[in-house]
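In my numbering, the protein residues as written are 115 to 459. The beta carbon of each residue, even a glycine, is placed where N, CA and C say it ideally should be. Source: prediction; values computed, not measured. A short worksheet on the structure shown next.
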Amino acid sequence: MDDDIILSVRNLKTYYPILGGFFKRTIGQVRAVDGVSFDLKKRETIGLVGESGCGKTTIANTLLKLVDATEGKIIYQGKTIIEANKKRDYKNNIRKEIQMVFQDPDASLNPRWKVVDIIGEPLRLLEGLSKRRKIRKRVWELLKTVSLKREHLDRYPHEFSGGQKQRIVIARALACNPKIIILDEPTSALDVSVQAQILNLLKRLQDEFDLSYLFITHDLSVVHHIADKIKVMYLGKFVEEGTIDDIFTNPSHPYTRALLSARPTFDPAIRKERIILEGDVPSPINPPTGCPFHPRCPSKEEHEGCGVDKPRHIKIEGGSDEHYIFCLPFTEGEKSYEGWQFISD
Numbered sequence: 115m116d117d118d119i120i121l122s123v124r125n126l127k128t129y130y131p132i133l134g135g136f137f138k139r140t141i142g143q144v145r146a147v148d149g150v151s152f153d154l155k156k157r158e159t160i161g162l163v164g165e166s167g168c169g170k171t172t173i174a175n176t177l178l179k180l181v182d183a184t185e186g187k188i189i190y191q192g193k194t195i196i197e198a199n200k201k202r203d204y205k206n207n208i209r210k211e212i213q214m215v216f217q218d219p220d221a222s223l224n225p226r227w228k229v230v231d232i233i234g235e236p237l238r239l240l241e242g243l244s245k246r247r248k249i250r251k252r253v254w255e256l257l258k259t260v261s262l263k264r265e266h267l268d269r270y271p272h273e274f275s276g277g278q279k280q281r282i283v284i285a286r287a288l289a290c291n292p293k294i295i296i297l298d299e300p301t302s303a304l305d306v307s308v309q310a311q312i313l314n315l316l317k318r319l320q321d322e323f324d325l326s327y328l329f330i331t332h333d334l335s336v337v338h339h340i341a342d343k344i345k346v347m348y349l350g351k352f353v354e355e356g357t358i359d360d361i362f363t364n365p366s367h368p369y370t371r372a373l374l375s376a377r378p379t380f381d382p383a384i385r386k387e388r389i390i391l392e393g394d395v396p397s398p399i400n401p402p403t404g405c406p407f408h409p410r411c412p413s414k415e416e417h418e419g420c421g422v423d424k425p426r427h428i429k430i431e432g433g434s435d436e437h438y439i440f441c442l443p444f445t446e447g448e449k450s451y452e453g454w455q456f457i458s459d
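Written as structure tokens, this is what we have:
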């Protein structure tokens with residue numbers, strides 16, 4: 115394994131059971147995450163992009179063992195920490211080193227606790243600090259790190275603005291000196307000006323503490339600002355992956371192109387064609403056979419076996435070594451294979 119890789123996810127599947135009947139038996143499954151693999155390197159930011167319900171947050175919850183994996187395994191610093199159908203002790207040191215910033219700070223901050231107690235809780239539970247004075251001193255240091263003031267120590271969450279609440283959540287995530295922070299839509303509820311402040315704060319903290327980020331968002335402008343690489347998700351699967359330049363300058367999967375075409379532009383000189391996808395996202399309870407995107411794909415007539423065959427891992431030439439899509443070969447005579455290198459799974 116590459117020494118720079120801090121986290122590896124291999125063929126991860128997370129299904130939620132559907133219970134029905136008088137005895138609440140399992141009558142089906144929601145395939146929230148359906149076979150994804152990726153590596154996160156030290157001091158790197160990976161953006162998970164896709165529309166709501168595609169499985170981004172479920173990946174985060176599985177990494178934190180808030181939900182159980184159905185298949186696959188997760189490797190942290192060379193050691194398997196989560197493996198489907200096997201009991202493994204998710205130790206406190208792992209909980210300290212992988213932290214999360216949740217989407218809604220109002221839902222993740224206890225309204226009856228002061229800031230010193232909110233940020234001090236992981237210090238007590240995971241770091242073993244018990245003396246009040248030491249906890250207050252450490253919390254004050256964390257507040258300074260996220261540009262908050264000493265007088266904020268003894269205030270309650272309702273006394274802060276949205277941006278300040280998110281800073282408190284970030285300070286809590288930093289309390290145990292983590293190596294990885296998972297950020298689940300951390301700017302979605304904030305004004306644009308406050309979003310920029312939070313993103314700049316996250317970049318500064320990454321440089322200062324050598325952090326790795328898994329950044330979950332549906333906002334392409336935000337991920338363009340902060341991420342090094344992007345994984346585009348659709349219906350529980352990756353459809354394209356690559357660096358920022360790969361995805362934004364040479365989007366190769368039809369779904370990625372549709373996402374980018376929907377991004378608003380404020381320059382009247384820039385004209386671009388909006389790609390409108392037909393139909394709705396299929397249900398993850400009964401996903402389509404073959405390629406999950408084929409019922410809505412505008413170019414499915416140009417490919418072979420979209421409704422039957424599993425998409426292949428295809429290397430896109432002309433960009434970085436990490437630019438891949440999950441698609442199927444072109445129908446003979448429709449388009450050239452030039453520039454596409456097929457990698458066997």
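Beta bridge counterpart(s) of residue i as assigned by DSSP
i    : result
F352 : M347
H417 : F444
S326 : I294
L162 : I330, K345
P131 : Q143
L121 : L154, Y190
L488 : No statement about residue 488 is possible, as the shown extent of the chain runs from 115 to 459 and does not include it.
V215 : L297
K201 : Note: K201 sits in no beta bridge, so no partner.
Residue i versus residue j - alpha carbon distance
i    : j    : result
P409 : T194 : 37 Å
R264 : L121 : 35 Å
Q309 : R286 : 19 Å
L304 : H339 : 16 Å
I358 : P131 : 36 Å
C405 : L442 : 8 Å
F444 : P398 : 26 Å
N125 : I173 : 12 Å
K248 : T259 : 17 Å
Q311 : I295 : 18 Å
A376 : K228 : 42 Å
R209 : N175 : 12 Å
D116 : H427 : 21 Å
N89  : L240 : Past the edges of the chain, shown from 115 to 459, lies residue 89, and the structure says nothing about it.
R202 : G186 : 13 Å
P365 : S261 : 37 Å
Y204 : I196 : 8 Å
G432 : I439 : 13 Å
S244 : R238 : 6 Å
M214 : R371 : 30 Å
I344 : K424 : 22 Å
K127 : I188 : 11 Å
E211 : S151 : 21 Å
D118 : F274 : 38 Å
S458 : I233 : Interpretation of S458 is limited by its pLDDT of 38, a score under 50 that renders its predicted location unreliable; the figure taken from the coordinates is listed afterwards. When rounded, the distance between both Cα atoms is 48 Å.
Residue i - containing alpha helix (DSSP H), residue span
i    : result
G337 : Rather than Gly, the amino acid found at residue 337 in this sequence is Val. Note, V337: alpha helix (DSSP H), 334-340.
R286 : 276-288
T253 : Per the sequence shown, the amino acid found at residue 253 is Val instead of Thr. It spans 246-259 - the alpha helix (DSSP H) in which V253 sits, taken as one unbroken run.
R371 : 368-375
R209 : 206-211
S222 : 219-222
Outcome for residue i when other beta-carbon atoms lying within 10 angstroms are tallied against a minimum of 16
i    : result
V422 : exposed
H272 : exposed
A289 : buried
G169 : buried
Y369 : buried
L316 : buried
I390 : exposed
P236 : buried
R281 : buried
V337 : buried
P292 : buried
S434 : exposed
E158 : buried
E392 : exposed
L133 : exposed
V306 : exposed
Beta strand (DSSP E) segment containing residue i, residue limits
i    : result
G142 : 139-155
G234 : From DSSP, G234 is part of no beta strand (DSSP E) but of the alpha helix (DSSP H) over 229-239.
K170 : Unbroken run through K170 is the alpha helix (DSSP H), 170-177; no beta strand (DSSP E).
E90  : Residue 90 is absent from the structure shown; the chain starts at 115 and stops at 459.
I358 : Premise fails: I358 lies in the alpha helix (DSSP H), 358-363, not in any beta strand (DSSP E).
T188 : A small correction: the amino acid at residue 188 is Ile; Thr does not occupy that position in the sequence shown. That run of the beta strand (DSSP E) goes 185-190.
Any non-hydrogen atom of the ligand MG within 6 Å of residue i CB
i    : result
M347 : Among the components modelled here there is no ligand, and therefore nothing to report on the ligand MG.
For this session: Determine, using beta-carbon pairs with one atom in the region 309-326 and one in the region 348-356, whether at least three such pairs fall under 8 Å.
Result: no
Exercise. Does the count of Cβ pairs from the region 246-261 and the region 176-185 closer than 8 Å reach three?
Worked result: no
Problem set entry | Meets three-Cβ-pair contact criterion under 8 Å: the region 209-222 and the region 146-166 | no
Problem set entry | Segment contact, 8 Å Cβ cut-off, at least three pairs: the region 388-402 with the region 143-152 | yes
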